[in-house]
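Every letter in the sequence shown is one number past the one before it in the numbering used here, and letter 2, counting from 1, is 2.
Positions of the beta carbon are idealized from the N, C-alpha and C atoms, including for glycine.
All of these numbers come straight from a predicted model, not from anything done at the bench.
What follows is a set of notes on a single structure, which appears directly below.
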Amino acid sequence: MKTTFCFKAVLAAVLATVSLSAWSGDISAPLPTDEQGFVDAVGKLNRSQIVALLGEPARAEDVKLKDSGRIVASIWHYHNINKDAQGAFYPTTELDIIDDQVSVVVFLNNDGSDASSGQSYEITPNPADI
């Protein structure tokens with residue numbers, strides 16, 4: 001009887017934890033590597049959540065307000081984190097961030113020096129989040 005009670009208590013605790021993390025938008029799960037899955041997932045994250053999942057970008061360019069120095073936009077580059085439809089890694093993934101949210105994701109087949117040749121996805125904000 002005691003073993004059954006302990007098992008039920010542990011199971012209940014595990015299920016509560018899983019339910020709570022799913023409900024609260026837990027970001028501990030890795031981001032998808034496919035294009036659309038990555039775009040959908042990263043579009044829901046802010047800067048600090050992206051850094052928590054992917055680490056600091058390999059390259060970052062910030063646009064700051066002159067009067068306050070506040071960062072209002074950024075271009076971040078990560079390398080070899082996303083795959084194309086054939087399963088090959090894109091050399092560079094560019095995240096264009098405006099006001100702490102990703103606005104555009106670009107998958108590049110180069111080191112990031114030529115952003116005009118990539119596959120670009122614009123993130124549409126969820127009206128419920130505004």
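Quick one: Cα of residue i to Cα of residue j, how far?
i, j, result
"N46", "D99", "9 Å"
"K62", "I50", "Inspection of the sequence shows that residue 62 is occupied by Asp rather than by Lys. D62 and I50: Cα-Cα distance of roughly 16 Å."
"A73", "K66", "13 Å"
"V76", "Q101", "With the sequence shown as reference, residue 76 is identified as Trp, and Val is not the correct amino acid for it. Cα-Cα distance, rounded: 12 Å."
"I97", "Y121", "13 Å"
"V39", "K64", "25 Å"
"N110", "K83", "13 Å"
"T92", "P30", "18 Å"
"Q36", "R70", "31 Å"
"S24", "G43", "With a pLDDT of 38 at S24, under the threshold of 50, the modelled position of that residue is not reliable, and the figure given next carries that caveat. Each residue's Cα considered, the two are about 16 Å apart."
"A60", "L95", "10 Å"
Could you check how far apart the C-beta atoms of residue i and residue j are, in whole angstroms? I think they sit under 8 Å.
i, j, result
"Y78", "P57", "6 Å"
"G87", "V106", "No, G87 and V106 are not in contact; Cβ-Cβ is about 19 Å, not under 8 Å."
Does residue i come out as helix, strand or coil in the three-state DSSP assignment?
i, result
"S48", "helix"
"A73", "strand"
"S21", "Any reading at S21 is ruled out, since the residue's pLDDT is 34, under 50, leaving its predicted position unreliable."
"S116", "helix"
Tell me, please, which residues DSSP counts as bridged to residue i.
i, result
"T92", "H79, L108"
"K66", "Paired residue(s): none; K66 is not in a bridge."
"Q101", "N46, I98"
"A60", "W76"
"D40", "D40 is not bridged to any residue."
"D84", "Answer is none; D84 lacks a bridge partner."
"E122", "V104"
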